[in-house]
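Peer 1:
Number of protein chains: 2
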Amino acid sequence: MTQPSAKALVPFVSVDNMMRLVHHIGIDQMLQDLVAYIEEDFRRWELFDKTPRVASHSDVGVIELMPTSDGEAYGFKYVNGHPKNTAEGLQTVTAFGLLADVYTGYPVLLTEMTLLTALRTAAMSALAAKYLAPKGADTMAMIGNGAQSEFQSLAMQAILGLKSVRLYDKDPAATQKAARNLADSGLDVVICSSPEEAIQGAQIITTCTADKQNAKILTDNMVGAGVHINAIGGDCPGKTELAPGILSRADTFVEYPEQTRIEGEIQQMPADFPVTELWQVITGSAQGRRDPAQITLFDSVGFAIEDFSALRYIRDKVRDTPYHIDLDMLADPDDPRDLFGMLQRAKA
Amino acid sequence: MTQPSAKALVPFVSVDNMMRLVHHIGIDQMLQDLVAYIEEDFRRWELFDKTPRVASHSDVGVIELMPTSDGEAYGFKYVNGHPKNTAEGLQTVTAFGLLADVYTGYPVLLTEMTLLTALRTAAMSALAAKYLAPKGADTMAMIGNGAQSEFQSLAMQAILGLKSVRLYDKDPAATQKAARNLADSGLDVVICSSPEEAIQGAQIITTCTADKQNAKILTDNMVGAGVHINAIGGDCPGKTELAPGILSRADTFVEYPEQTRIEGEIQQMPADFPVTELWQVITGSAQGRRDPAQITLFDSVGFAIEDFSALRYIRDKVRDTPYHIDLDMLADPDDPRDLFGMLQRAKA
């Protein structure tokens, strides 16, 4: 049997190989690179084919496909969200993604995206903070110490020069875990026993909790002038973290308003609640932070273009490394019209 | 490093393994099995989550995602359509698919679907013909002898007991190829030099040509009483194969009217052109063929549920065979909240 041609083979990055790739590049370097790739794509925001995610809901969770294209490459992410999974020893969120060549329609990369999403989400937060956090911000309150917390802390360190992270979680074991994981990071790690303690002296407040209800992780009186709020955990209908009063006082920045109004913190506000699109801040067509006393809010829900940037990055980086295998995923008969002949010849 | 748990591993069926699986089961048996799986899913049509396909168009082609779910399993197919690819030695259509468990959101199968789509398309045609073709139909005109033609012929043989296939293609080399591939099939294979010759004595006329324009492969005067037309090739806006006069005289059966009105032969007809949904014929709530002289038309464009049936079938069949490998595609930390710890431990 003849071997399939190179184009019929799709490079696949497993979880194991993704971990090797991260350590090969270095996590700080990778976070910086991801910020650069996302920033590049946000600068050309307008040319992307933007579709709302395609969701399939059940009683216990959701499965989503998030496709987008820049006209040259096409990418999509498969991601599930099943809060009850944790109690069964499974991941709440798992993800994988695919990048394809628009000109041929052939896939060019298949990769795990659970780890990659954690990295791109942290990179996205750091990119927003680069444009929105007060100058010289060096202390972050990290409220919610789950799977995303260490990545958030390291990204703020790599991009903004964060010096101190103040950890709080309603489950002290989660905080202990995060503190342990960050022990060698060079960050000053402070374990806090209340959200109020965590926000003391912090110019950046990141909320990333898993409550699936309209919670008030931050109440109105907790947020003072000159703070940047990086709100990650409110990311589906019915799930928010901030008191509406904070939104009224803050200037709110979003990825894709059509999606954020359904899934983000601003689902609590009227449909015409004013927001600024982050890509416009990055291109300079809208203002980011305008004075030190302002409260800025990045109401982050995650958008397909961020995954696209991450897929582009992995495609570029994995090419000359051993951190992938080639999958024989595309039928490749010598004569495209003779699929049956290919099948018959395989019998022999 | 600890190995990922069984649930974090996703069985993958490569093109090579799919070919082995087909020969292991036997192509006739597999076509019969696929008909049974599709028929089972058409019987429970109403409980499926039906979304139109999500398409990303470019100047040279289209990339589509086709998701669906029955509430227990979730499936989607990635498929491209690039007519210009053939001239570059690439496939016009390539496909792969994924099946996931709705309860956990975890993928349970990743598989090539170029070959599998050819098989399910032929099975779908045979299933429709089983309900619509005149009793005792044993001769088929096969107009268009490309990649789908042999699969169509074998499916009609396996399901309906077809005895003779009359081949025609405007490219005689394609007909020679199909005749060669079917030489050992047990079918009486007749090479024809015109569509008019091909349809002589045929009770079933299958059209599967690749013209991307409103073509008239069958003109009105070619189609007489008592014929079943299986129209496969009209499957996107601007691409049809039948003269409108045939549609006016035939009773038309479709998969999913919302999609067929955009992509099928009936795109030439008014928006309220009467059609019957095939699933209703299968459940008995609508009539199929009602008299021997009637002209029936299956205006087939391919629907996500057919791919779902095929994915279910492969999941069930591949389980106890060596025809798959396990992909480490899902991150699986011991503590779901400790993704970073998993990454750090991989460094050692």
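For the protein sequence lines, the chains are A and B, in the order given. Counting the first sequence from 1 gives a position; the working numbering is that position plus 5. Counting the second sequence from 1 gives a position; the working numbering is that position plus 5. Quick reminder that beta carbons are idealized off the backbone N, C-alpha and C, glycines included. Nothing here was measured: the structure is a model prediction, and the numbers come from that model.
1. Using the Cα positions of proline 242/B and glutamine 272/B, report the straight-line distance between them to the nearest angstrom.
2. Starting from glutamate 246/A and walking both ways along the beta strand (DSSP E), at which residues does that stretch end?
3. Tell me where the alpha helix (DSSP H) around arginine 317/A begins and ends.
4. Under the rule that 16 or more other beta-carbon atoms within 10 Å means buried, what is glutamine 205/A, buried or exposed?
5. Among Phe47/A, Ser74/A, Gly149/A and Thr97/A, which one has its Cα closest to the Cα of alanine 133/A?
6. Is it true that the CB of aspartate 106/B sits closer than 8 Å to the CB of serine 74/B?
7. Of all the alpha helix (DSSP H) runs that stay within the bounds of the stretch 184 to 251 of chain B, which reach a length of 4 or more residues?
8. Could you check what DSSP says for glycine 102/A in three-state terms: helix, strand or coil?
9. Kindly say whether arginine 320/B, judged by its beta-carbon, lies nearer than 8 Å to any beta-carbon of chain A.
10. Could you check what DSSP says for arginine 171/A in three-state terms: helix, strand or coil?
11. Out of curiosity, what's the CA-to-CA distance linking tyrosine 83/A and isoleucine 234/B?
12. Quick one: Cα of methionine 5/B to Cα of proline 338/B, how far?
13. What is the residue span of the beta strand (DSSP E) that serine 256/A lies within?
14. Which residues in chain B sit within 8 Å of aspartate 143/A, going by Cβ to Cβ distance?
15. Hey, how far is the Cα of tyrosine 328/B from the Cα of threonine 119/B?
16. Show which residues of chain B have a CB atom less than 8 Å away from the CB atom of aspartate 343/A.
17. Bridge partners for methionine 71/B per DSSP, in chain order?
18. On the criterion of 16 or more Cβ atoms from any shown chain inside 10 Å, does glutamine 208/A qualify as buried, or is it exposed?
19. Spatial neighbours of valine 323/A within its chain, please: C-beta separation below 7 Å, excluding the five flanking residues on both sides.
20. List, in order along the chain, the chain A residues whose C-beta lies closer than 7 Å to that of serine 61/B?
21. Using a Cβ-Cβ cut-off of 8 Å, state whether alanine 336/A counts as contacting chain B.
22. May I have the straight-line CA-CA distance separating threonine 109/A from histidine 87/B, to the nearest angstrom?
23. Give, in chain order, every residue of the stretch 223 to 236 of chain A whose Cβ lies closer than 9 Å to some Cβ of chain B.
24. So, for alanine 13/B: in the same chain, excluding its five sequence neighbours on each side, which residues have a beta-carbon less than 6 Å away from its beta-carbon?
25. Going straight from the alpha carbon of arginine 266/B to that of alanine 276/B, what length do you get?
26. Mind checking which residues open and close the alpha helix (DSSP H) that includes isoleucine 300/A?
27. For the beta strand (DSSP E) that isoleucine 148/B lies in, which residues bound it at each end?
28. Between the C-alpha atoms of serine 10/A and threonine 97/B, what's the straight-line distance to the nearest angstrom?
29. If I follow the unbroken alpha helix (DSSP H) through alanine 60/B, where does it start and stop?
30. Does the CB of glycine 191/B have a neighbour CB from chain A at under 8 Å?
31. Find the nearest neighbour of isoleucine 222/B within the set Ala230/B, Gly229/B, Val232/B and Ser199/B, judged by alpha-carbon distance.
32. For aspartate 21/B, does the three-state DSSP call read helix, strand or coil?
33. Report yes or no: do the stretch 119 to 131 of chain A and the stretch 181 to 191 of chain A share at least 3 C-beta pairs separated by less than 8 Å?
34. Quick one: what's got a C-beta closer than 6 Å to proline 249/B's C-beta in the same chain, skipping five residues either side?
35. From the DSSP output, read off the bridge partner residues of glutamate 282/B.
Peer 2: In brief:
1. 7 Å
2. 245 to 247
3. 309 to 323
4. exposed
5. Phe47/A
6. no
7. 200 to 203
8. strand
9. no
10. strand
11. 38 Å
12. With chain B covering only 6 through 353, there is no way to say anything about residue 5/B.
13. Residue identity check: residue 256/A is aspartate in the sequence provided, not serine. Element bounds for aspartate 256/A: 256 to 259.
14. Ordered by position in chain B, no residue passes the 8 Å Cβ test against aspartate 143/A, which lies about 22 Å from the chain.
15. 16 Å
16. Ala152, Lys182 and Asn186
17. Lys82/B
18. buried
19. Pro16, Val18, Leu26 and His329
20. Asp54, Pro72, Ser74 and Tyr79
21. yes
22. 7 Å
23. none
24. Leu335 and Asp337
25. 7 Å
26. Element bounds for isoleucine 300/A: n/a, residue is neither H nor E.
27. 144 to 148
28. 15 Å
29. No alpha helix (DSSP H) holds alanine 60/B; the beta strand (DSSP E) holding it covers 59 to 62.
30. no
31. Ser199/B
32. helix
33. no
34. Gln273
35. Val259/B
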